[in-house]
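Peer 1: Heads up: the sequence shown begins at 1 in UniProt numbering, then just goes up one per residue.
Backbone N, C-alpha and C define an ideal beta-carbon position, used for all residues, glycine too.
Below are the structure tokens for one structure; questions will follow.
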Amino acid sequence: MDMATNRNAAAQRPNGAPQTKVCQFKLVLLGESAVGKSSLVLRFVKGQFHEYQESTIGAAFLTQTLCLDDTTVKFEIWDTAGQERYHSLAPMYYRGAQAAIVVYDITNQDTFGRAKNWVKELQRQASPSIVIALAGNKSDLAAKRMVEFEEAQAYADENGLLFMETSAKTAMNVNDIFLAIANKLPKSESAGGGAAGGARRLNDADAPRSSSCCK
Numbered sequence: 001m002d003m004a005t006n007r008n009a010a011a012q013r014p015n016g017a018p019q020t021k022v023c024q025f026k027l028v029l030l031g032e033s034a035v036g037k038s039s040l041v042l043r044f045v046k047g048q049f050h051e052y053q054e055s056t057i058g059a060a061f062l063t064q065t066l067c068l069d070d071t072t073v074k075f076e077i078w079d080t081a082g083q084e085r086y087h088s089l090a091p092m093y094y095r096g097a098q099a100a101i102v103v104y105d106i107t108n109q110d111t112f113g114r115a116k117n118w119v120k121e122l123q124r125q126a127s128p129s130i131v132i133a134l135a136g137n138k139s140d141l142a143a144k145r146m147v148e149f150e151e152a153q154a155y156a157d158e159n160g161l162l163f164m165e166t167s168a169k170t171a172m173n174v175n176d177i178f179l180a181i182a183n184k185l186p187k188s189e190s191a192g193g194g195a196a197g198g199a200r201r202l203n204d205a206d207a208p209r210s211s212s213c214c215k
């Protein structure tokens, strides 16, 4: 077998199918305290919901993978604290992030205004190519709604944001919003993401081993 044939064989899986790319992205969640950021992440990563979730201190770090057609996307998720005293730490987490989810509570108009401030901050200070999603959480409490769907959708459209209303409690649109982000992120071949916003290509040894990524 010549070297070219050997390289070809190495690029194939045992069944002859092309090898799946594995791309890693840094994603940060931002939003006011108690809007449900940690609950969204917990639902996405572990499929769980706790009615009484303790407030995040500083930030929490979790990972989860999604399988697209020919790419496995691994999210490195930074769930930031929403309390004002932690605001100054936020740039440390969104710096170099390729994606962000800005969360508000549909039953609280003030959290929607705060979400807009987060979007402005990301547009001003984060990577120019960052993918930003707006999540109107607690859609299961629609009877207490203070932020209309149409108002949030119009704002998202004006600012080029992905937008969904979500419920960590019922799981509505939780996986969908992460999947929409994964589909919008560039799956570049070059290594090294960072501020440029490209994917960081993982070696086979770094690939996620979880069998649940393609659920």
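Tell me which residues share the same chain as residue 242 and place their Cβ nearer than 7 Å to its Cβ, disregarding the 5 neighbours each side in the sequence.
Peer 2: Outside the shown range of the chain, which is 1 to 215, sits residue 242, and nothing can be said about it.
Peer 1: How should leucine 29 be labelled, buried or exposed, when 16 other C-beta atoms within 10 angstroms of its C-beta is the threshold for buried?
Peer 2: Along the sequence shown, one-based indexing puts residue 29 at 29. It counts as buried.
Peer 1: Give the single residue among Val73, Gln109 and Val41 whose Cα lies nearest to the Cα of valine 22.
Peer 2: Taking the sequence shown and counting its residues from 1, the one referred to as residue 22 is at position 22. When each option's Cα is compared against that of valine 22, the closest is Val73.
Peer 1: Answer with buried or exposed for arginine 209, where buried requires no fewer than 16 other C-beta atoms within 10 angstroms of its C-beta.
Peer 2: Mapped onto the sequence shown, residue 209 falls at position 209. Note on arginine 209: pLDDT 36, under 50, position unreliable in the model; the coordinate value appears next. The residue in question, arginine 209, is exposed, as its Cβ has fewer than 16 Cβ neighbours within 10 Å.
Peer 1: Does DSSP put glutamine 98 in a helix, a strand or coil?
Peer 2: The sequence position of residue 98 within the sequence shown is 98, counting from 1. Three-state result, glutamine 98: coil.
Peer 1: For the putative contact between valine 103 and glycine 31, defined by C-beta atoms under 8 Å, what is the C-beta separation to the nearest angstrom?
Peer 2: Sequence index remark: in the sequence shown, residue 103 carries index 103 (1-based). Sequence index remark: in the sequence shown, residue 31 carries index 31 (1-based). So it is a contact: roughly 4 Å between Cβ atoms.
Peer 1: How far does the alpha helix (DSSP H) with lysine 37 in it reach, from first residue to last?
Peer 2: Residue numbering aside, residue 37 sits at position 37 when the sequence shown is read from its first letter. First-last of the alpha helix (DSSP H) with lysine 37: 37 to 46.
Peer 1: Verify whether the separation of the beta carbon atoms of aspartate 79 and alanine 60 is less than 7 Å.
Peer 2: Residue mapping note: residue 79 aligns to position 79 of the sequence shown, counting from 1. Residue mapping note: residue 60 aligns to position 60 of the sequence shown, counting from 1. It is a contact, given that the beta carbons lie within the stated cut-off.
Peer 1: Taking only the alpha-carbon atoms, compute the straight-line gap between phenylalanine 149 and glutamate 165 and give it to the nearest angstrom.
Peer 2: Against the sequence shown, residue 149 aligns to sequence position 149. Against the sequence shown, residue 165 aligns to sequence position 165. Phenylalanine 149 and glutamate 165: Cα-Cα distance of roughly 8 Å.
Peer 1: Locate the beta strand (DSSP E) running through lysine 138, then write down its first and last residues.
Peer 2: Against the sequence shown, residue 138 aligns to sequence position 138. Lysine 138 -> no beta strand (DSSP E), and no H or E assigned at all.
Peer 1: Tell me, to the nearest whole angstrom, how far the beta carbon of alanine 152 is from that of phenylalanine 112; I am working on the premise that it is less than 8 Å.
Peer 2: Taking the first residue of the sequence shown as position 1, residue 152 is located at position 152. Taking the first residue of the sequence shown as position 1, residue 112 is located at position 112. Sure, about 7 Å apart at Cβ, within 8 Å.
Peer 1: Rounded to the nearest angstrom, how far is the Cβ of serine 33 from that of phenylalanine 49, given a contact under 8 Å?
Peer 2: Residue mapping note: residue 33 aligns to position 33 of the sequence shown, counting from 1. Residue mapping note: residue 49 aligns to position 49 of the sequence shown, counting from 1. In fact, because the Cβ distance is near 18 Å, the residues do not count as touching under 8 Å.
Peer 1: Would alanine 156 and phenylalanine 163 be called neighbours here (beta carbons separated by less than 7 Å)?
Peer 2: Position 156 of the sequence shown, counted from the start, is the residue given in the question as residue 156. Position 163 of the sequence shown, counted from the start, is the residue given in the question as residue 163. Contact flag set, yes.
Peer 1: Can you tell me where the alpha helix (DSSP H) holding aspartate 79 begins and where it ends?
Peer 2: The count along the sequence shown starts at 1 and reaches residue 79 at position 79. Careful: aspartate 79 lies outside any alpha helix (DSSP H), inside the beta strand (DSSP E) at 71 to 80.
Peer 1: Tell me, to the nearest whole angstrom, how far the beta carbon of threonine 71 is from that of lysine 187; I am working on the premise that it is less than 8 Å.
Peer 2: Residue numbering aside, residue 71 sits at position 71 when the sequence shown is read from its first letter. Residue numbering aside, residue 187 sits at position 187 when the sequence shown is read from its first letter. Right, the Cβ-Cβ distance comes to about 5 Å (below 8 Å), so this counts as a contact.
Peer 1: For a test of the three-state rule: what should DSSP assign to threonine 107, helix, strand or coil?
Peer 2: The count along the sequence shown starts at 1 and reaches residue 107 at position 107. Note: threonine 107 maps to coil in three-state DSSP.
Peer 1: Please state the DSSP three-state secondary structure of leucine 161.
Peer 2: Locating residue 161 in the sequence shown gives position 161, counting from the first residue. Correct three-state label for leucine 161: coil.
Peer 1: Using alpha carbons as the reference points, say which of Asp176, Asn137 and Leu42 lies closest to leucine 62.
Peer 2: Counting from one through the sequence shown, the residue named residue 62 turns up at place 62. When each option's Cα is compared against that of leucine 62, the closest is Leu42.
Peer 1: Which class does lysine 184 belong to by DSSP, given the choice of helix, strand or coil?
Peer 2: Indexing the sequence shown from 1 puts residue 184 at position 184. Lysine 184: helix per DSSP, three-state reduction.
Peer 1: Alpha carbons only, please: which of Ser139, Gln109 and Gln123 is nearest the one belonging to methionine 146?
Peer 2: Reading the sequence shown from its first residue, position 146 is the one you call residue 146. Minimum Cα distance to methionine 146 is reached at Gln109.
Peer 1: Using the Cα positions of phenylalanine 178 and phenylalanine 44, report the straight-line distance between them to the nearest angstrom.
Peer 2: For the purposes of this step, residue 178 is taken as the residue at position 178 of the sequence shown. For the purposes of this step, residue 44 is taken as the residue at position 44 of the sequence shown. Near 8 Å, if we compare the C-alpha coordinates of phenylalanine 44 and phenylalanine 178.
Peer 1: State the beta-bridge partners of threonine 63 as determined by DSSP.
Peer 2: Walking along the sequence shown from the start, residue 63 turns up at place 63. Per DSSP, Glu76.
Peer 1: Shortest alpha-carbon distance to alanine 90 belongs to which of Asp69, Val119 and Leu66?
Peer 2: Here residue 90 refers to the residue found at position 90 when the sequence shown is read from its first residue. Considering only alpha carbons, the answer is Val119.
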